[in-house]
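Chemist: Counting from 241, one number per residue, gives the positions in the sequence shown under our numbering.
We treat Cβ as the ideally placed atom computed from N, Cα and C, and that holds for glycine.
Encoded as structure tokens, here's the structure I'll be asking about.
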Amino acid sequence: MKPIELAKNVYWVGAVDWLTRDFHGYSTNRGTTYNAYLIVDEKITLIDTVKKQYRSDLMHRIRNIIDPEKIDYLVVNHVEMDHSGSMPEVMEAIKPEKVICSKMGQKALLKHFHQEDWPYHVVTPGEELSLGEKTLNFLETRMLHWPDSMFTYLKEDQILFSSDAFGEHLATSERFDDEVNQDVLMHEATKYYANILTLYSPLVKKLIAKVQEMNLPIKMIAPDHGVVWRDNPGKILEAYSRWCVHEGKGNALIIYDTMWHSTEMMAKAIADGLQDQGIGYKLLNLQVNHRSDVMTDVLEASAIILGCPTLNNGMLPRMAGFLMYMRGLRPTNKIGAAFGSFGWSGEAVKLMNKAMGEMKFTICHPGLKVQYVPEHTHLKECVELGQTVGKTLNDFIAGREIASVEDII
Ligand code: FEO
């Protein structure tokens, strides 16, 4: 097995997980990787480890390059179990001189593994550490996406080891950005941002500004998941600059669930209204679209139209679950509207408007309820709702002021 070299004496020693299909509620249809990196210098340094089940893959790759016992430093950029789960066994095997982590990293390691006697070396933001010929610099990235998160920068080779940031869940035989299909790569990177980082977008914005201000030369970005950006690290940095402001593409999503297809009939008529206004849209039935795929579309959408019938004075469980998930990720900068059929009480529309209000969406229509099965006049009202969203969106795109419907939540 040939070692995978990023630069002279800098190696990828991680593991490819072809099996995982769920990452705490996020569907990982293309598997993932747990990336770890080995720097061979006077002080041999391992950056991050892997998920517990993949410890032998990591050790095998390291042994292919050096005797693991020769490792002097272990850098822990992030304590979440997909990167630290194998640490107890790895620590036993390598017995490093230092476990390098952030202040919060040490706290998290103690809470995870309860090992008071590990040789923790807490780094302060900006601190430099010489490995011999190469130098590491540590950047604090607290809450991207855990309190302990940090980046490690390898000065001489200009490689940014970026932990979870700039990654994607993608299992491939290839290790570098220029070796994989670009559409698949960017789709998975978008999905990753949407489902992991949307909530932390204000911090991403600050981080990008800080990196620009530091004028840090970046030849490669080496994240903990997916491929290493060696050909075009600017591509993912540019994408993050767009995603962190939740910039929509001028399109609309109709996200709905339906019981006896009445709400679905309404959804289709609303789509006709959007079409009248020249707005591109997607119809996303939650019965066949996973919440994490829907969130991927939400990140780059300009308008969100939610549809759900009323069940037991509330919403159908899929819509309730989706709203809980979306509210947690807190997308902003969206135009919203709601609709749904009902039998006798009809609370769902109000509840969806409330959820969108809490996310500070600009709600441009009071919402539309239809009892039991819509007839032609009802469907015309649905078309009008779609037209209203479309007009609002066109005003928004043109930079004209848009009005929110008041007092509906
Ligand atoms: Fe990939 Fe936050 O762990």
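1. Tell me which residues share the same chain as D516 and place their Cβ nearer than 8 Å to its Cβ, disregarding the 5 neighbours each side in the sequence.
2. Under 9 Å, do D262 and Y294 count as touching if we go by C-beta distance?
3. Exposed or buried, which one is Y251 when buried takes at least 16 other CB atoms within 10 Å?
4. Any idea what DSSP makes of L539, helix, strand or coil?
5. Given 8 Å as the limit, tell me if I436 has its C-beta closer than that to any heavy atom belonging to the ligand FEO.
6. Given this structure, state the Cα-to-Cα distance separating E487 from A449, to the nearest angstrom.
7. When DSSP builds the beta bridges, which residues end up paired with A581?
8. Out of curiosity, what's the CA-to-CA distance linking V280 and W386?
9. By the DSSP assignment, the alpha helix (DSSP H) with F636 in it spans what residues?
10. Once you ignore the five residues that flank G520 on each side, which residues in its own chain have a CB closer than 7 Å to its CB?
11. Hey, would you say M390 sits closer than 9 Å to G345, going by beta carbons?
12. How is W483 classed by DSSP in three states: helix, strand or coil?
13. Looking at the secondary structure, which residues open and close the beta strand (DSSP E) in which I287 lies?
14. Assign G597 to one of three DSSP states: helix, strand, or coil.
15. Of the residues P359, V468, L563, F601, which one's Cα is nearest the Cα of D418?
16. Looking at the strands, I want to know which residues DSSP matches up with N525.
17. In the DSSP assignment, what residue or residues form a beta bridge with K338?
18. Looking only at its chain, what residues have a beta carbon closer than 7 Å to the beta carbon of I603, apart from the 5 residues adjacent to it on each side?
19. Can you name the start and end residues of the beta strand (DSSP E) that M390 belongs to?
20. When you measure from the CB of E380 to every non-hydrogen atom of the ligand FEO, does any distance come out below 8 Å?
21. Are three or more beta carbon pairs between the stretch 605 to 612 and the stretch 559 to 579 nearer than 8 Å?
22. Just to confirm, are L493 and I544 a CB contact at a threshold of 9 Å?
23. Would you decide whether G466 is buried or exposed? Buried here means 16 or more other CB atoms lie within 10 Å of its CB.
24. Quick check: what's the CA-CA separation for K242 versus D297?
25. Assuming the contact rule is C-beta atoms closer than 8 Å, M599 and P557 should be a hit. Round their C-beta distance to whole Å, please.
26. Determine the extent of the alpha helix (DSSP H) in which I510 is found, giving its start and end residues.
27. Which residues in the same chain as E621 place their Cβ atom closer than 7 Å to its Cβ, once the five residues preceding and following it in sequence are excluded?
28. Between the alpha carbons of K395 and Y496, how many angstroms are there, rounded?
29. Give the single residue among M506, T632, T536 whose Cα lies nearest to the Cα of L619.
30. Inspect the beta-carbon positions of R470 and I244 and report whether they are closer than 9 Å.
31. If the criterion is Cβ atoms closer than 9 Å, does the pair T289 and L376 meet it?
32. As a quick check of your reading: which residues have a C-beta less than 5 Å from at least one non-hydrogen atom of the ligand FEO, in chain order?
33. Grab the span of the beta strand (DSSP E) containing I244 for me, first residue to last.
34. Are the Cβ atoms of K489 and E428 separated by less than 9 Å?
35. So what's L400 in DSSP terms, helix, strand or just coil?
36. List the DSSP bridge partners of T375.
Modeler: Working from what's here:
1. Closer than 8 Å at the Cβ level, and outside the excluded window around D516, lie V623, G626, Q627, G630.
2. Remark: C-beta atoms of D262 and Y294 do not approach each other more closely than 9 Å.
3. By the neighbour-count rule (16 or more Cβ atoms within 10 Å), Y251 is buried.
4. Looking at L539 - three-state DSSP - the assignment turns out to be helix.
5. Yes; taking the cut-off as 8 Å, the Cβ of I436 has a heavy atom of the ligand FEO nearer than that.
6. So the two alpha carbons sit approximately 17 Å from each other.
7. The residue asked about is misnamed: residue 581 is Ser in this sequence, not Ala. Bridge partners of S581 according to DSSP: V610.
8. Distance between the alpha carbons of V280 and W386 is about 28 Å.
9. From DSSP, the alpha helix (DSSP H) with F636 extends over 616 to 637.
10. Hits under 7 Å: N491.
11. Closer than 9 Å, so yes.
12. If DSSP states are grouped into helix, strand and coil, W483 belongs with the helices.
13. Where I287 is concerned, the enclosing beta strand (DSSP E) stretches over 285 to 287.
14. DSSP places G597 in helix when its eight states are reduced to three.
15. Measuring from the Cα of D418, the nearest candidate turns out to be V468.
16. Listed as beta-bridge partners of N525 by DSSP are Y496.
17. In the DSSP output, where bridge partners are listed per residue, K338 has Y313.
18. Beyond the five residues adjoining it in sequence on each side, I603 comes within less than 7 Å, by CB distance, of G576, A577, N593, M596, G597, S644, V645, I648 in the same chain, given in chain order.
19. Run containing M390: 390 to 394, per the beta strand (DSSP E) assignment.
20. In this structure, E380 has its CB at a distance of at least 8 Å from all heavy atoms of the ligand FEO.
21. With the cut-off at 8 Å, the stretch 605 to 612 and the stretch 559 to 579 touch.
22. With respect to the 9 Å criterion, L493 and I544 are classified as neighbours on the basis of their beta carbons.
23. Of the residues assessed, G466 falls on the buried side of the cut-off, its CB having 16 or more other CB atoms within 10 angstroms.
24. Per the coordinates, the alpha-carbon of K242 lies some 14 Å from the alpha-carbon of D297.
25. Rounded, the Cβ-Cβ distance is 20 Å, inconsistent with contact.
26. That run of the alpha helix (DSSP H) goes 502 to 516.
27. Taking C-beta separations shorter than 7 Å and ignoring five residues to either side along the sequence, the partners of E621 in its chain run L608, following chain order.
28. Rounded to the nearest angstrom, the two C-alpha atoms are 49 Å apart.
29. Considering only alpha carbons, the answer is M506.
30. Their beta carbons are not under 9 Å apart, which means R470 does not touch I244 by this criterion.
31. The criterion of a C-beta distance shorter than 9 Å is not satisfied by T289 and L376.
32. By the rule of a C-beta closer than 5 Å to any heavy atom of the ligand FEO, the residues picked out are E320, D322, D404.
33. Counting along the chain, I244 sits inside the beta strand (DSSP E) bounded by residues 244 to 247.
34. No; because the gap between Cβ atoms is not below 9 Å, this pair is not in contact.
35. DSSP, read as helix, strand or coil, puts L400 in strand.
36. Partner(s): S370.
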